[in-house]
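Chains as they are written, first to last, in UniProt numbering: chain U, 1 to 201; chain Z, 1 to 201. Since the structure comes first, as structure tokens, the remarks are kept for the end.
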């Protein structure tokens, strides 16, 4: 966007702030009541505005969930985007820890994003674009871990990143659901990361 | 159970058959409407019996879901329990394929079992016992794959089996949700199995 176009900056800021207020409210409802609870009416009540204010901005429930998914993916992006000055292996491990931390700290945001059938699964949605941005970080982490080469046994680094992601997802999803056959989930996660590092390096 | 105890076998068989009829009905409701749809009333309607017939047998919704989870885990057990005459590596691969096939063919049964917060998460429940039986199959597969040794980098074979399971779960859960960043999910699954085989052998 060019700086000269659009409404004066003061007014735009107020509009952006309302957007944030409504999104904060929607996220609170999501965290407290889960996906089913996120309705235009519930979010309006939470933010103490008229339902029309939410409709005008997000349309319907799908619009709300899409915006929430974008925010969650943006936070997840920050959680895995470790400083490039860190060496590849510790950077990969820190990013994996960041991924786990996000998933366990915000299980309902994580489920919205990766629970299936949500906004991320819709090709071309804004959420799917943000999802891909997170995946790009993972690709770079895997590539750097493998010394810039394609990891052994994979056609390309994207395929390897996809496998890494599925494994991380499985671990945090089971841990967050309280399902495990051996005790000590943090240990399981560390062992998984060890295995991935050994395989990809 | 001893054969001499209990009611005459003819009557017991009828009772067992009613149990199966109700469970079939509950499973149909689950497959069609998901977890939220499985109520005593819905299952009674599906089976064309009075609700009291379902209450008497399963108590409440939790009882129904527990019985459904046990049945699903029993089917999953059959899906991963490959004939011991098959060599360790192809046996491991076949079991992993069986796991994926079950999850994709019956996404709602799979979600009931491993979706979190369900009957399997309750320590001491019948479902948790069946869940552990499936895990025992996985432990044996991993142990045989590793030539009877503890796979490198793990404290014991159970820990390695847990890591394998989390990875398989992540892959099928994302695939069943239609979420992936690279196309060709069956390929991703195969690459994951390749990576696991390389790491554990």
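For each residue, glycine too, the CB sits at the ideal point set by N, CA and C. It should be emphasised that the depicted structure is a prediction, and the values quoted were computed from it without experimental measurement.
- The three-state secondary structure of residue 94 of chain Z, taken from DSSP, is helix.
- Taking 8 Å as the threshold, the shortest C-beta distance from residue 170 of chain U to chain Z falls below it.
- Counting only residues of its own chain and dropping the five nearest sequence neighbours on each side, residue 138 of chain Z has a CB closer than 8 Å to the CB of 80, 95, 161, 164 and 165.
- With respect to the C-alpha of residue 56 of chain Z, the residue from Z:22, Z:76, Z:30 and Z:78 having the closest C-alpha is Z:22.
- For residue 191 of chain Z, a Cβ of chain U is located within less than 8 Å of the residue's own Cβ.
- Under the DSSP assignment, residue 181 of chain U falls outside any alpha helix (DSSP H); it carries neither an H nor an E label.
- Under the 8 Å Cβ criterion, the region 59–78 of chain U counts as touching the region 13–28 of chain U, having at least three qualifying pairs.
- Rounded to whole angstroms, residue 14 of chain U and residue 20 of chain U show a C-alpha spacing of 10 Å.
- Residue 167 of chain U and residue 167 of chain Z do touch by the CB rule: their CB atoms are close to 4 Å apart, below 8 Å.
- Annotation for residue 154 of chain Z: 160 place their beta carbon closer than 6 Å to its own, counting only its chain and skipping 5 residues before and after.
- Annotation for residue 31 of chain U: 108 place their beta carbon closer than 6 Å to its own, counting only its chain and skipping 5 residues before and after.
- Taking 4 residues as the minimum length, the alpha helix (DSSP H) runs contained wholly in the UniProt domain "HTH tetR-type" (16–76) of chain Z are 40–47 and 51–58, in order along the chain.
- Assignment of residue 82 of chain Z by DSSP, reduced to helix, strand and coil, places it in the coil class.
- Take the alpha-carbon of residue 93 of chain U and the one of residue 104 of chain Z: they are about 31 Å apart.
- For residue 173 of chain U, the three-state secondary structure derived from DSSP is helix.
- Residue contact check for residue 98 of chain U against chain Z: no CB pair falls below 8 Å.
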